[in-house]
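I have placed the structure first, in the form of C-alpha cells, so that the comments after it can refer back to it.
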Amino acid sequence: MKKSAICLFLLVVATTVFGQQIRIRGSVDFSFNLANIQPGEDYSLETESKQDGVRLDIKNLRRQANWRVTVSKSDINWDNNVKVYVRRTSSGNGNGSLWGCSNYTQIRNMPQTVLQGRGALNNIYLQYKLDGISLSLPANTYNTDIIYTLYEQ
Amino acid sequence: MKKLSLICLVMFLSLDAIYAQSYWSYDDHSLSLQMPEISLISVMPANYTVNLSLGLPDRAGDKPGETGDSKDDNTWLNYSCSRRYRGSFRKVYAQITSGSVPDGLAVNLEVKNLQRNGRGTWGRRYSNSITLSNQPQVVVNRIGGGCTRRGTRFGHQLIYELKLTDIDQLVVDDDKTYLTITYTISD
Chain A
4 MKKSAICLFL
14 LVVATTVFGQ
24 QIRIRGSVDF
34 SFNLANIQPG
44 EDYSLETESK
54 QDGVRLDIKN
64 LRRQANWRVT
74 VSKSDINWDN
84 NVKVYVRRTS
94 SGNGNGSLWG
104 CSNYTQIRNM
114 PQTVLQGRGA
124 LNNIYLQYKL
134 DGISLSLPAN
144 TYNTDIIYTL
154 YEQ
Chain B
1459 MKKLSLICLV
1469 MFLSLDAIYA
1479 QSYWSYDDHS
1489 LSLQMPEISL
1499 ISVMPANYTV
1509 NLSLGLPDRA
1519 GDKPGETGDS
1529 KDDNTWLNYS
1539 CSRRYRGSFR
1549 KVYAQITSGS
1559 VPDGLAVNLE
1569 VKNLQRNGRG
1579 TWGRRYSNSI
1589 TLSNQPQVVV
1599 NRIGGGCTRR
1609 GTRFGHQLIY
1619 ELKLTDIDQL
1629 VVDDDKTYLT
1639 ITYTISD
C-alpha cells in the first residue's frame, strides 16, 4: 500500500515536472467612466490595454522543441458587437524564438493559432484591443475568458 | 499490489517519452469590460448668452412687436446617454432656475429634432413649443443609448422667443432681466 502511494506521488510530481507548460500572468480590465466622454460624444470605438498587462511563459519543453499556441475566448457574459484582438508586444526572454502575432489578431470563440516558436520563453507581453465600444452597448460588466493552449510538436 | 506498483513504475519511466509526443497544456485569464450608466448634457456653444428684446413700435399706437431681436436660434442641446438593458428611456427637462420673466411677457422655447444624425438611439422633441417656467417641463424624450454628437449644428436646436402676452401688465423698471435656463437629463 505504502509503495503504491509513493508511486502515485512520483507520478503526480513527474507530471508536473516534465509536462510542457504555458503560464499566463495578469488579467485585463477595460473600464469607462465620465472622464472618457463629453456631452454629445460617443466613446472611442477602439480602446487598447496596457502593453505589458499580461505575460505569457512557455516552459518545460523538450530541448528546442517546436511549439504553437492557439487562442480562443469563452464568453461568460459578452456582447458580440465588441470584438477582442490580441498582439504580442515583446518576443520574450530565453533561449527560444517565436514568430506570429506581432499585429492584432481577432480572438474568436474557436481556437486559432496565433504564435509559433521553438524552445522555452518567458515574459512574452500581450496587449489587447477592443473594437465596437459604443454608448449603444447596454450598461453592464461584460466578462470573457481568454484561453491559450500550447501544443508541443 | 505488486502489479499496481509495476504499472506506476512503468508509467513514471515512460513519462518523458509520453510528453515527447505532441501534447498540450492550457492557461487562461479573464478579460472584463465595464460600461457604466451615464447621462451627460450640455448646451453649445458653451458660455453663450441668449439676448432677447421686444422690438419697439415704429409708430405711435402700435404695440411692441416681434422682431428678429425677440428670437434666438444659436444654441444646440448635446447629450450622451447609456442605459441598462431594457432600462428606462431618458428625458430632458427645461426650467427657469433663477430670475423670473417680467409680467406681460413670456419666453417660449422650441426644441427642434436632430437635423444631423447622432449615434445610437437619440431622443425626439416632446412638443412643438413650451412656455418656460420655474417648473421642469419635458422637452426631449425617448433617449436610449446614444449621443447627438458634439458642437453647434449637432443635437437639438433651441429656439427662444420673447412674446408679449399682456401689454397691460408690462412694466419697464430695469434695462435687463437675467434668467438662468437649466436643462436636466434624467429618467
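Residue numbers (this note's numbering), protein chains in the order written: chain A, 4 to 156; chain B, 1459 to 1645. Glycine is no exception: its CB is placed at the ideal position from the N, C-alpha and C atoms.
(1) Just checking, does the stretch 1622-1634 of chain B make contact with the stretch 1551-1566 of chain B on the three C-beta pairs under 8 Å criterion?
(2) Does the Cβ-Cβ distance between residue 27(A) and residue 151(A) come in under 8 Å?
(3) So what's residue 37(A) in DSSP terms, helix, strand or just coil?
(4) Taking residue 1527(B) as the reference, give the member of 1604(B), 1618(B) and 1640(B) with the closest Cα.
(5) Distance check for residue 1511(B) and residue 1616(B), CA to CA, integer angstroms please.
(6) Only counting the same chain, and skipping five residues up and downstream in sequence, which positions put a Cβ closer than 8 Å to that of residue 1603(B)?
(7) Hey, how far is the Cα of residue 140(A) from the Cα of residue 98(A)?
(8) Determine, using beta-carbon pairs with one atom in the stretch 1544-1555 of chain B and one in the stretch 1591-1601 of chain B, whether at least three such pairs fall under 8 Å.
(9) Look at residue 1488(B) and residue 24(A) and say whether their C-beta atoms are less than 8 Å apart.
(10) Any beta carbon from chain B within less than 8 Å of residue 29(A)'s own beta carbon?
(11) Any idea if residue 52(A) is buried or exposed, counting beta-carbon neighbours within 10 angstroms, 16 or more meaning buried?
(12) Is there a C-beta anywhere in chain B that falls below 8 Å from the one on residue 47(A)?
(13) Note the first and the last residue of the continuous beta strand (DSSP E) segment covering residue 1491(B).
(14) In angstroms, rounded to a whole number, what distance separates the CA positions of residue 142(A) and residue 1601(B)?
(15) Any contact of the stretch 75-93 of chain A with the stretch 125-139 of chain A, i.e. 3+ C-beta pairs under 8 Å?
(16) Please check the pair residue 126(A) and residue 60(A), which I expect to be a contact at CB under 8 Å, by giving their CB distance rounded to whole angstroms.
(17) Does the distance from the C-beta atom of residue 1636(B) to that of residue 1557(B) stay below 8 Å?
(18) Could you tell me whether any Cβ in chain A is nearer than 8 Å to the Cβ of residue 1575(B)?
(19) Compare the C-alpha of residue 54(A) against each of 46(A), 43(A), 92(A) and 33(A) and name the closest.
(20) Tell me which residues share the same chain as residue 40(A) and place their Cβ nearer than 7 Å to its Cβ, disregarding the 5 neighbours each side in the sequence.
(21) Taking residue 142(A) as the query, report the chain B residues whose CB atoms sit under 7 Å from its CB, ordered along the chain.
(22) Which whole-angstrom value describes the C-beta separation of residue 37(A) and residue 1491(B), a residue pair presumed to lie in contact below a C-beta threshold of 8 Å?
(23) Could you pull out every residue in the same chain whose Cβ sits closer than 8 Å to the Cβ of residue 1586(B), ignoring the five residues on either side in sequence?
(24) Shorter than 8 Å from the beta carbon of residue 1516(B) to some beta carbon of chain A?
(25) Name the residue from 121(A), 112(A), 68(A) and 50(A) whose alpha carbon lies nearest to the alpha carbon of residue 78(A).
(26) Quick one: which residues of the stretch 82-113 of chain A get their C-beta closer than 7 Å to a C-beta of chain B? List them in chain order.
(27) State the beta-bridge partners of residue 113(A) as determined by DSSP.
(28) For residue 1553(B), does the three-state DSSP call read helix, strand or coil?
(29) Could you tell me which chain A residues have their CB closer than 8 Å to the CB of residue 1644(B), listed as they occur along the chain?
(30) Closest to residue 1509(B) by C-alpha separation, out of 1640(B), 1532(B), 1497(B) and 1520(B), would be which residue?
(31) In chain order, what residues of the stretch 1604-1615 of chain B put their CB closer than 8 Å to some CB of chain A?
(32) Are the C-beta atoms of residue 126(A) and some chain B residue less than 8 Å apart?
(33) At a Cβ threshold of 8 Å, is residue 1551(B) touching chain A?
(34) Report the partner residues of residue 1589(B) according to the DSSP bridge assignment.
(35) Give the range of the beta strand (DSSP E) segment to which residue 90(A) is assigned.
Straight from the coordinates:
(1) yes
(2) In the first sequence, counting from the first residue as 1, residue 27(A) sits at position 24. In the first sequence, counting from the first residue as 1, residue 151(A) sits at position 148. In this structure, residue 151(A) lies closer than 8 Å to residue 27(A) by Cβ.
(3) Walking along the first sequence from the start, residue 37(A) turns up at place 34. Helix at residue 37(A).
(4) One-based indexing of the second sequence puts residue 1527(B) at position 69. Minimum Cα distance to residue 1527(B) is reached at 1618(B).
(5) For the purposes of this step, residue 1616(B) is identified with residue 158 of the second sequence, where counting begins at 1. For the purposes of this step, residue 1511(B) is identified with residue 53 of the second sequence, where counting begins at 1. Each residue's Cα considered, the two are about 17 Å apart.
(6) Stepping through the second sequence from its first residue, residue 1603(B) is reached at position 145. Within the same chain, residue 1603(B) has close Cβ partners 1539, 1540, 1541, 1578 and 1579.
(7) Working through the first sequence from its first residue, we reach residue 140(A) at position 137. Working through the first sequence from its first residue, we reach residue 98(A) at position 95. Straight-line Cα distance between these residues: approximately 45 Å.
(8) yes
(9) Here residue 1488(B) refers to the residue found at position 30 of the second sequence. Here residue 24(A) refers to the residue found at position 21 of the first sequence. No, the pair does not count as a contact, with Cβ atoms beyond the cut-off.
(10) For the purposes of this step, residue 29(A) is identified with residue 26 of the first sequence, where counting begins at 1. Yes, residue 29(A) lies at the interface with chain B (some Cβ there is under 8 Å from its Cβ).
(11) The residue labelled residue 52(A) in the question sits at position 49 within the first sequence. Buried: at least 16 other Cβ atoms inside 10 Å.
(12) On the first sequence, position 44 is the one that residue 47(A) refers to. Not an interface residue.
(13) Here residue 1491(B) refers to the residue found at position 33 of the second sequence. Element bounds for residue 1491(B): 1482-1493.
(14) What you label residue 142(A) is simply residue 139 of the first sequence in a count that begins at 1. What you label residue 1601(B) is simply residue 143 of the second sequence in a count that begins at 1. Straight-line Cα distance between these residues: approximately 14 Å.
(15) yes
(16) Sequence index remark: in the first sequence, residue 126(A) carries index 123 (1-based). Sequence index remark: in the first sequence, residue 60(A) carries index 57 (1-based). Correct: roughly 7 Å between the Cβ atoms.
(17) Within the second sequence, residue 1636(B) is the residue found at index 178, counting from 1. Within the second sequence, residue 1557(B) is the residue found at index 99, counting from 1. Yes, the pair counts as a contact, with Cβ atoms nearer than the cut-off.
(18) Locating residue 1575(B) in the second sequence gives position 117, where the first residue counts as 1. Chain A, which has no Cβ nearer than 8 Å to the Cβ of residue 1575(B), makes this no.
(19) What you label residue 54(A) is simply residue 51 of the first sequence in a count that begins at 1. The option with the nearest alpha carbon to residue 54(A) is 92(A).
(20) The residue you call residue 40(A) lines up with position 37 of the first sequence. Same-chain partners within the cutoff: 46.
(21) For the purposes of this step, residue 142(A) is taken as the residue at position 139 of the first sequence. 1493, 1494, 1495, 1540, 1541 and 1542, listed in chain order.
(22) Within the first sequence, residue 37(A) is the residue found at index 34, counting from 1. Within the second sequence, residue 1491(B) is the residue found at index 33, counting from 1. The Cβ separation is near 17 Å, so there is no contact.
(23) If you number the second sequence from 1, residue 1586(B) lands on position 128. Only 1568 meet the Cβ criterion.
(24) The residue labelled residue 1516(B) in the question sits at position 58 within the second sequence. Not closer than 8 Å to any Cβ of chain A, the Cβ of residue 1516(B) fails to qualify, so no.
(25) To locate residue 78(A), count along the first sequence from 1; it is residue 75. When each option's Cα is compared against that of residue 78(A), the closest is 112(A).
(26) 85 and 87
(27) What you label residue 113(A) is simply residue 110 of the first sequence in a count that begins at 1. According to DSSP, which records beta bridges pairwise, residue 113(A) is partnered with nothing at all.
(28) For the purposes of this step, residue 1553(B) is taken as residue 95 along the second sequence, with counting starting at 1. The answer is strand: DSSP assigns residue 1553(B) an E or B state.
(29) Mapped onto the second sequence, residue 1644(B) falls at position 186. Chain A residues near residue 1644(B): none, gap ~14 Å exceeds 8 Å.
(30) By 1-based counting over the second sequence, the position of residue 1509(B) is 51. Nearest of 1640(B), 1532(B), 1497(B) and 1520(B) to residue 1509(B), Cα basis: 1532(B).
(31) 1604, 1605, 1606, 1607, 1608, 1609, 1612 and 1613
(32) For the purposes of this step, residue 126(A) is taken as residue 123 along the first sequence, with counting starting at 1. Taking Cβ atoms only, chain B never reaches closer than 8 Å to residue 126(A), which makes this a no.
(33) Against the second sequence, residue 1551(B) aligns to sequence position 93. Not an interface residue.
(34) Numbered from 1 along the second sequence, position 131 holds the residue referred to as residue 1589(B). Note: residue 1589(B) sits in a beta bridge opposite 1566(B).
(35) For the purposes of this step, residue 90(A) is taken as residue 87 along the first sequence, with counting starting at 1. Taken as a continuous stretch (DSSP letters only), the beta strand (DSSP E) holding residue 90(A) covers 86-91.
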